[in-house]
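Letter 53 of the sequence shown, counting from 1, is numbered 39 in the numbering used here, and no numbers are missing. For every residue, glycine included, the Cβ atom is placed at its ideal position computed from N, Cα and C. These numbers come from a predicted model, not from an experiment.
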Amino acid sequence: MAVALTPLSIPGRAGQLVSQLGDRAELHDVYDETGSRVYHDVSVRDTHEVRELVALVRRIPGAVLELAAGSGRLTMPLLALGREVTAVELSAAMLELLSERLAEAPERLRERCVPVQADMSSFALGRRFEVIVLGTTSISLLDEEGRAGLYAAVREHLAPGGRFLLSTVDIVTPDDPEAAEAVPEAVIAAVGAGGRAYRMHDYWPAGADTRTVTIFPAEIGDEGPVTVCTTTVGVLPVDQLGAELGRAGLTVLSGHPLPGAWRYRDVLLEVGVTA
Ligand SMILES: C[S@@+](CC[C@H](N)C(=O)[O-])C[C@H]1O[C@@H](n2cnc3c(N)ncnc32)[C@H](O)[C@@H]1O
């Protein structure tokens, strides 16, 4: 079902394109029933941060709690480590995709995964975990109040000596700030796992504290409906995140740079409870 998005919700060239499409544009949130299938198709083969995350988790024995697990892009490699993984996800559509993947996975992986529909900013699972993972810079999906809830819940669920591993953006100072200012929107071509070609618009004016990602089919014909999926998320730079974690009684122990993208690179943080 299309959500209450309007072409005005989408800034930049992506918004102009949606306006030109008029009634033909069927707007979806990236994590609704239609959007989650597009997101899954585009991202399922993406190996971004997998190697670095797996290397850190390997060093910490025990059960894993993965937050914002989506359709399991990170869940499957975590299960492959031989760990028990509790996968928390808010979207029923995403959880359905995760269940479909698990159903096709070997039983030795499937039997160690516990999918849970819950909000990462407020959950109570009644047990503790040696490792809590929040990848794919998904912390940026929460507002300040949501993040405060997340930090409290993480403290409640982290075993003594446990680690919270999360990624966020590390904004890179451009070599030529004027040139970067002039390009608020990157357009990226992508081919999904199912062979469909997409064009992703990443709209993020320099200094803005939100960015909007909008996914179109790469080829748009002259007639018929066009599925357009969009999401607007906050940008939470690593310094701000570190300060927030500190106020919540959590300490950043180490930071691991991840391969970069347009105007930013992600960083994977290893966080413990402040002694
Ligand atoms: C960027 S995707 C990442 C999914 C997966 N980790 C991956 O790497 O593909 C973010 C996920 O967070 C989920 N999500 C959004 N808000 C959430 C919340 N408050 N609690 C739990 N999950 C949430 C979305 O439905 C989506 O599946």
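Uninterrupted beta strand (DSSP E) stretches inside the stretch 92 to 134 (no shorter than 3 residues): Within the stretch 92 to 134, the complete beta strand (DSSP E) runs of at least 3 residues are 99 to 103, 115 to 120.
Cα-Cα separation, residue 96 to residue 88: For residue 96 and residue 88, the distance between alpha carbons rounds to 5 Å.
Any non-hydrogen atom of ligand 1 closer than 7 Å to residue 59 Cβ: Yes, ligand 1 has a heavy atom inside 7 Å of this Cβ.
Assigned secondary structure, residue -13 (DSSP; H/G/I helix, E/B strand, else coil): Note that residue -13 scores a pLDDT of 42, beneath 50, so its modelled location is shaky and nothing firm can be said.
Residue 92 to residue 102 span [Cα, whole Å]: Approximately 20 Å, taken between the alpha carbons.
Residues near residue 26 in its chain [Cβ-Cβ closer than 6 Å; skip 5 each side]: Excluding residues within five positions, the ones whose Cβ falls inside 6 Å are 57, 83.
Identified DSSP bridge partners for residue 217: Per DSSP, 199.
Rounded straight-line distance, which links the Cα of residue 111 to that of residue -1: Approximately 43 Å, taken between the alpha carbons.
Rounded distance between the beta-carbons of residue 63 and residue 100, thought under 8 Å: With a Cβ gap of about 17 Å, residue 100 and residue 63 do not count as contacting.
Residue 5 - containing alpha helix (DSSP H), residue span: Start and end: -2 to 7.
According to DSSP, residues forming a beta bridge with residue 193: Bridge partners of residue 193: none, in fact.
Simplified DSSP assignment, three categories, for residue 187: The answer is strand: DSSP assigns residue 187 an E or B state.
Where the beta strand (DSSP E) through residue 250 begins and ends: Start and end: 250 to 259.
Whole-angstrom distance between residue 126 and residue 44, CA atom to CA atom: Roughly 26 Å between the two C-alpha positions.
Buried/exposed call for residue 252, threshold 16 Cβ in 10 Å: Answer is buried; the Cβ neighbour count reaches 16.
Inter-residue CB distance, residue 116 and residue 46 (contact presumed, cutoff 8 Å): Taking 8 Å as the upper bound for CB-CB distance, residue 116 and residue 46 are in contact here, some 6 Å apart.
Contacts around residue 48, its chain only, beta-carbon distance under 8 Å, and the 5 residues preceding and following it disregarded: Counting only Cβ-Cβ distances below 8 Å, and skipping sequence neighbours, we find 69, 115, 116, 117, 145, 148.
C-beta contact flag for residue 107 and residue 128 at 8 Å: Less than 8 Å separates the beta-carbon of residue 107 from that of residue 128.
Residue 230 to residue 11 span [Cα, whole Å]: Distance between the alpha carbons of residue 230 and residue 11 is about 39 Å.
Which residues DSSP lists as bridging residue 148, in chain order: Residue 148 is not bridged to any residue.
Residue 230 (DSSP reduced to helix, strand or coil): Residue state, collapsed to three classes: helix.
Three or more C-beta pairs below 8 Å linking the stretch 136 to 143 and the stretch 169 to 176: With a cut-off of 8 Å on Cβ pairs, the stretch 136 to 143 is not in contact with the stretch 169 to 176, counting fewer than three such pairs.
Sequence ranges, alpha helix (DSSP H) only - wholly within the stretch 14 to 38, length at least 4: Restricting attention to alpha helix (DSSP H) runs no shorter than 4 residues, the stretch 14 to 38 encloses them at 19 to 29, ordered along the chain.
Contact under 8 Å by Cβ, residue 221 with residue 198: Not in contact: residue 221 and residue 198 (Cβ atoms no closer than 8 Å).
Span separating the alpha-carbon of residue 16 from that of residue 186: Taken atom to atom, the span from the alpha-carbon of residue 16 to that of residue 186 is near 12 Å.
Per-residue burial, residue 255 [other beta carbons within 10 Å of its own, 16 or more giving buried]: With 16 or more Cβ atoms within 10 Å of its Cβ, residue 255 is classed as buried.
Distance between residue 9 and residue 238 (C-alpha atoms, nearest Å): In this structure, the alpha-carbon of residue 238 lies about 48 Å from that of residue 9.
Cβ-Cβ distance between residue 212 and residue 7 below 8 Å: Yes, Cβ-Cβ distance for residue 212 and residue 7 is below 8 Å.
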